[in-house]
Amino acid sequence: MYYLFNFGLVISIFITSSLVLFILFFLIYFSFPLLTSGNFLQFFAFEWIEQKSLYGLMPMILGTIYISILATLIATIMSFSFASLMAFFIPKNISNILNKFMLFISGVPTVLYAFIAIFLLVPWLNDILDGQGFSILTASFVLSFVVLPTMTIILFNTFNSTSKKTILAAKSLGATNEDIFFDLILKTSKKGIISAIILGFARAVGDTMIALMIAGNSLQIPNSILDSARTLTSHIALINASDYESTAFKAIFLCGLLLLVFSFLTVVSLKLINKEAR
212 MYYLFNFGLV ISIFITSSLV LFILFFLIYF SFPLLTSGNF LQFFAFEWIE QKSLYGLMPM
272 ILGTIYISIL ATLIATIMSF SFASLMAFFI PKNISNILNK FMLFISGVPT VLYAFIAIFL
332 LVPWLNDILD GQGFSILTAS FVLSFVVLPT MTIILFNTFN STSKKTILAA KSLGATNEDI
392 FFDLILKTSK KGIISAIILG FARAVGDTMI ALMIAGNSLQ IPNSILDSAR TLTSHIALIN
452 ASDYESTAFK AIFLCGLLLL VFSFLTVVSL KLINKEAR
């Protein structure tokens, strides 16, 4: 039984690794003509106009970064508040209910968030922002609720990882919950907090439906959070190239390669944090 389990584990690792390598090979293969075209930097220009043969991906790259950073910032504030309340400032039974609720909403499809936002949030923002309902701000706010459960669960587990003996010792010295949280827990949870933020950012970068349905999908460089924008993921979904040999079609795979680079950097960052934590 032991050898059978190990064999199954090896097979699972092999299949998973093979799939990742296949995806990488697939993206590089279709992006290779662009990477070796001799004018690779044109794909990092600031304009995407197919009629003029301009295929700059910078508007999508910046749109991805703006929406992801703002969504992560909002989610960090909310998740930090929720996790700290769940860990120290509310009764245990209520904390367990909230934890299960976070686990539940972490599995809600993002298209439902976007669908609800289109009918409730966007019209309201259209009224108060003079027609700017589909924007970076709206997409980031809705996306923050998608990132929120993941970050909250990670932070909650991080805060609870502190030894109970240490907490009891602090209480025996007269420390309040506030003292323990701000003077003890936060100082020992820095790496866990950073890990939660990085994973939240990676989750935001990889989302498609919210950016596709709410961000406005403009191909212009956004000047403020009230402007519309297009992300790399939504750009892949929106490009409808009938010519598989066209530059526009091949640029889709370059978008996928850039997203894979984002994921790789996320994994490397987490590895470095875990290495420092040892």
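The sequence shown lines up with residues 212 to 489 when you count with the numbering used here. Every residue, glycine too, gets a C-beta built ideally from N, C-alpha and C. The structure displayed is predicted, hence computed values, not measured ones.
The alpha helix (DSSP H) runs lying completely inside the segment 354-391 and spanning 4 residues or more are 375-383 and 388-391, given in chain order. Under DSSP, the beta-bridge partners assigned to residue 440 are 427.
By the beta-carbon neighbour count (other beta carbons within 10 angstroms, threshold 16), residue 286 is buried. In the DSSP annotation of this structure, the continuous segment of the alpha helix (DSSP H) that includes residue 338 starts and ends at 321-339.
Here residue 464 has 238, 241 and 242 as same chain residues with Cβ atoms under 6 angstroms from its own Cβ, once five neighbours each way along the sequence are excluded.
For the 9 angstroms CB-CB criterion, residue 406 and residue 365 form a contact. If you look at residue 250, you'll find it isn't in any alpha helix (DSSP H); DSSP assigns it neither H nor E.
Of the residues assessed, residue 346 falls on the buried side of the cut-off, its CB having 16 or more other CB atoms within 10 angstroms.
As DSSP reads the structure, residue 240 sits in no beta bridge.
Separation of residue 392 and residue 468 (C-alpha to C-alpha, rounded to the nearest whole angstrom) is 41 angstroms. Non-local beta-carbon contacts of residue 432 in its own chain, meaning distances under 8 angstroms to residues more than five positions away in sequence, involve 257, 269, 270 and 273 in chain order. The Cβ atoms of residue 282 and residue 333 do not sit closer than 9 angstroms to each other.
When the beta-carbon positions are compared, residue 278 and residue 442 come within less than 9 angstroms of each other. Shown here, residue 265 sits in a strand according to DSSP, grouped into three states.
No Cβ-Cβ contact shorter than 9 angstroms links residue 377 with residue 297.
As DSSP reads the structure, residue 260 sits in a beta bridge with 265. Per DSSP, residue 299 is not a residue of any alpha helix (DSSP H), being assigned neither H nor E.
With a cutoff of 9 angstroms on beta-carbon distance, residue 477 and residue 275 are scored as not near each other. A direct Cα-Cα distance of roughly 26 angstroms separates residue 390 from residue 361.
Contact between residue 218 and residue 294 does not hold, since their C-beta atoms are separated by about 39 angstroms, which reaches or exceeds 8 angstroms. Less than 9 angstroms separates the beta-carbon of residue 349 from that of residue 426. By the Cβ neighbour-count rule, residue 308 is exposed, with fewer than 16 other Cβ atoms within 10 Å of its own. Under the three-state reduction of DSSP, residue 419 is assigned to coil, being neither helix nor strand. The beta carbon of residue 244 sits closer than 7 angstroms to the beta carbons of 461 from its chain, once the five residues preceding and following it are set aside; these are given in chain order. Taking the C-beta atoms as reference points, residue 473 is found nearer than 9 angstroms to residue 417. Just so you know, the alpha carbons of residue 260 and residue 481 end up roughly 37 angstroms apart. Spanning the alpha carbons of residue 409 and residue 479 requires a straight line of approximately 11 angstroms.
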